[in-house]
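In this text, residue positions in the sequence shown follow UniProt numbering: the first is 1, and each later residue adds one.
Just so you know, even glycine gets a beta-carbon here, dropped at the ideal spot from N, CA and C.
Input: a single structure, listed below in structure tokens.
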Amino acid sequence: MMTPLKFQKVWDCGLEHNAWLKLCDSSVPVDPFYTETAVKSLDTKGTPCNVTAKTLDVLKTFAEESNAVDLSGQNPKRSDAIANFAVMIAQDAKGFACTYQKCSGSTQTKFVCLYDTLFVLEQVASILCVYLQHFSLRMVADNQTYESIADKSQACDACPANGNKPKCIKYLCQYEYTLAEDAYPWPICYDDMMTADMQDTALYMHNYYRKLIATGWAKDKNGYAPRAKNMNALEYDCDNIGEETAILLNCTNPKYTPTSGYSLNYEKFSLDVTPLDGLQKAISGWYDQLKNVDLDDKATYTSQIETNAKNFANMAVAQATKFGCAAERCQAQGYNIVACQYNSPPDIDSPLYEVGKPCAGCDKATTTCDQADGLCVTK
1 MMTPLKFQKV WDCGLEHNAW LKLCDSSVPV DPFYTETAVK SLDTKGTPCN
51 VTAKTLDVLK TFAEESNAVD LSGQNPKRSD AIANFAVMIA QDAKGFACTY
101 QKCSGSTQTK FVCLYDTLFV LEQVASILCV YLQHFSLRMV ADNQTYESIA
151 DKSQACDACP ANGNKPKCIK YLCQYEYTLA EDAYPWPICY DDMMTADMQD
201 TALYMHNYYR KLIATGWAKD KNGYAPRAKN MNALEYDCDN IGEETAILLN
251 CTNPKYTPTS GYSLNYEKFS LDVTPLDGLQ KAISGWYDQL KNVDLDDKAT
301 YTSQIETNAK NFANMAVAQA TKFGCAAERC QAQGYNIVAC QYNSPPDIDS
351 PLYEVGKPCA GCDKATTTCD QADGLCVTK
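Below is the structure:
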């Protein structure tokens with residue numbers, strides 16, 4: 001009988017996206033220190049098609065590889081006969097994801113899992129040699145899958161402390177998981193402490209809400225806010241605004257005041273809320289402040305709006321062209337925090353934007369009109 005494993009695995013959406021892209025495009029990179037299972041085909045023909053059941057069938061075939069070898073010995077090792085099963089049980093694999101996709105022009109649905117670990121060669125020189133020769137580093141024969149123990153009662157003994165939370169549940173170590181930073185597509189930069197998915201989410205949500213304002217579909221307290229004729233589409237600035245925002249979120253010495261020339265929104269969440277979920281909740285919550293106020297026919301930034309919808313106003317300034325966000329997990333302090341800064345703060349008693357037909361006020365020299373969204377896009 002195999003001895004108990006150690007770490008509970010965590011689903012990582014970044015790994016899922018990376019694996020999904022790779023299924024139908026072999027040019028998509030996978031970090032050399034991650035490990036893929038074999039790509040399998042799912043039989044999705046027929047009606048109805050239960051993809052969940054088909055997926056479980058594949059995972060069962062991975063697990064059944066364990067029948068091919070004796071894993072009852074001390075510190076069981078990986079072999080080609082258990083290549084897929086070995087990565088499933090690898091002690092060092094904490095993050096993982098599985099995905100499937102039917103590629104264009106194919107009748108097959110492909111399935112694969114991706115793990116954030118590598119069964120490394122024993123010599124660092126060997127790793128460098130393989131890497132430099134552009135071979136794909138993956139789990140190789142004779143790598144140890146996990147450190148075995150004499151009895152399952154000892155499974156929790158070596159688990160690291162987990163703050164105020166249980167360090168072990170059902171014989172599996174609990175821990176603070178950090179999202180895979182090297183999953184593709186890569187972040188625009190790493191200075192804002194955000195993943196590519198978080199950066200994309202921030203950009204999409206901000207411009208979606210600015211589109212609603214521009215086209216007259218933004219609901220305020222008693223109806224709809226007036227349309228905007230000069231609403232710029234925002235660009236995500238990671239290297240400057242994102243990095244400067246990240247500096248503000250120092251857990252031991254936070255500074256919740258905007259960088260000079262910027263406006264700032266921020267929100268704290270419990271540690272149970274993931275950074276991505278927190279970012280989504282924060283941005284939607286800032287926008288929803290519009291429901292607390294009525295914008296007048298000139299979209300004036302009044303003292304009432306400053307008091308009751310300041311975060312919304314920061315998002316809605318038409319002249320803003322760039323913004324950046326950051327996220328920080330403050331484990332010792334017991335919270336997660338996300339923040340965004342914008343390069344054009346609102347001015348009290350001045351319009352947030354010019355009221356009128358969408359795009360009618362776009363600067364023709366520097367922008368073009370996105371007819372569908374009603375936003376002025378930088379050329």
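In the displayed model, Arg329 falls within a strand according to three-state DSSP. In the structure shown, Val51 adopts helical secondary structure according to DSSP, grouped into three states. Rounded to whole angstroms, the gap between the alpha carbons of Ser79 and Glu64 is 14 Å. The Cβ atoms of Thr44 and Lys54 lie closer than 8 Å to each other. If you look at Glu244, you'll find it isn't in any beta strand (DSSP E); it sits in the alpha helix (DSSP H) that goes Glu243 to Leu248. Following the DSSP letters along the chain, one finds Tyr208 inside the alpha helix (DSSP H) bounded by residues Ala196 to Thr215.
Restricting attention to Asp373, Val30 and Gly46, the CA atom closest to the CA of Thr215 is found in Asp373. Burial state of Trp20 is buried, judged by a 10 Å Cβ sphere holding 16 or more other Cβ atoms.
Taking the CA atoms as reference points, Val51 sits about 46 Å from Lys310. Partner residues in a beta bridge of Trp186, as assigned by DSSP, do not exist. Just measuring C-alpha positions, the residue of Pro48, Cys24, Lys77 and Tyr115 sitting nearest Cys13 is Tyr115. In this structure, Gly95 lies near Leu15, with their beta-carbon atoms less than 8 Å apart. Between the region 281–288 and the region 152–160, the count of Cβ pairs shorter than 8 Å is below three; the stretches do not touch.
Rounded to whole angstroms, the Cβ separation of Gly324 and Ile241 is 3 Å, and the two are in contact under 8 Å.
Exclusion of the five residues before and after Lys357 leaves Arg227 and Lys229 as the residues of its chain whose Cβ lies within less than 8 Å of its Cβ. For the set Met88, Pro345 and Gly261, the Cα lying nearest the Cα of Phe312 is the one of Pro345. If you draw a straight line from the Cα of Asp297 to the Cα of Val355, it is about 7 Å long. Here Pro275 carries a helix assignment [DSSP, helix/strand/coil]. By the CB criterion at 8 Å, Val293 and Ile283 fall outside the cutoff.
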